[in-house]
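In the numbering used here, each number is its position in the sequence shown, counted from 1, plus 22. All C-beta atoms, glycine included, are put in the ideal place defined by N, C-alpha and C. Below you'll find the structure, written out as structure tokens, and then a few comments.
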Amino acid sequence: MTAGIHTTNPSTMATPGGHYSHAVTGGGLVFVSGQLPIAPDGTKLNDAPFAEQTRQVLHNVAQALVGAGSSVEKLLQVRVYVTDIASWPEFNAIYAQWAGAARPARAVVPVPQLHYGFKIEVEAVGLA
């Protein structure tokens, strides 16, 4: 890896399913890869209700941040992909509880489909 750039794959998360790291730090920032609703043991929650998928995804984002030496409180930007924009109010309520006082910049993007039939994916950027 290039000097000053570090990858993180916390043991509290499922092993990445492809050629990527859960988080990469460099230049004082941490970049969290798109997180899907996959439990730490690798179980894919594609048949779970939207709320359960959302909670797992946000948990994964938090674990990636902590593994990279950061936290939800240090988030700068969050990008959310949902397969049904009608889920927006439910997502926003769960997200507000999860983020607490943190209010990073955010985008919610409706998409036609996600890998494995998941309903949500979240990526983020924060301070390292």
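Strand pairing of residue i, partner residues [DSSP]
i: residue 143; result: 103
i: residue 54; result: 45 and 146
i: residue 28; result: 47
Three-state class that DSSP yields for residue i in the structure shown
i: residue 127; result: strand
i: residue 132; result: strand
Residue nearest to residue i in terms of C-alpha spacing, selected from the options
i: residue 66; options: 55, 150 and 140; result: 140
i: residue 45; options: 91, 125, 138 and 62; result: 91
i: residue 131; options: 40, 100 and 123; result: 100
i: residue 97; options: 41, 51 and 26; result: 51
i: residue 95; options: 104, 145, 84 and 73; result: 84
Short CB-CB distance (under 9 Å) between residue i and chain D
i: residue 140; result: The question asks about chain D, but that chain is absent: this structure has only one protein chain.
Check whether the segment 74-87 touches the segment 112-123, counting contact only when three or more Cβ pairs, one atom from each stretch, lie closer than 8 Å.
A contact exists between the segment 74-87 and the segment 112-123.
Are the segment 52-65 and the segment 33-42 in contact at 8 Å, needing three or more beta carbon pairs?
Short answer: they touch.
Can you give, in chain order, each stretch of the alpha helix (DSSP H) that sits fully within the segment 61-92 and has at least 4 residues?
For the segment 61-92, whole alpha helix (DSSP H) runs of length 4 or above, ordered along the chain, are 72-89.
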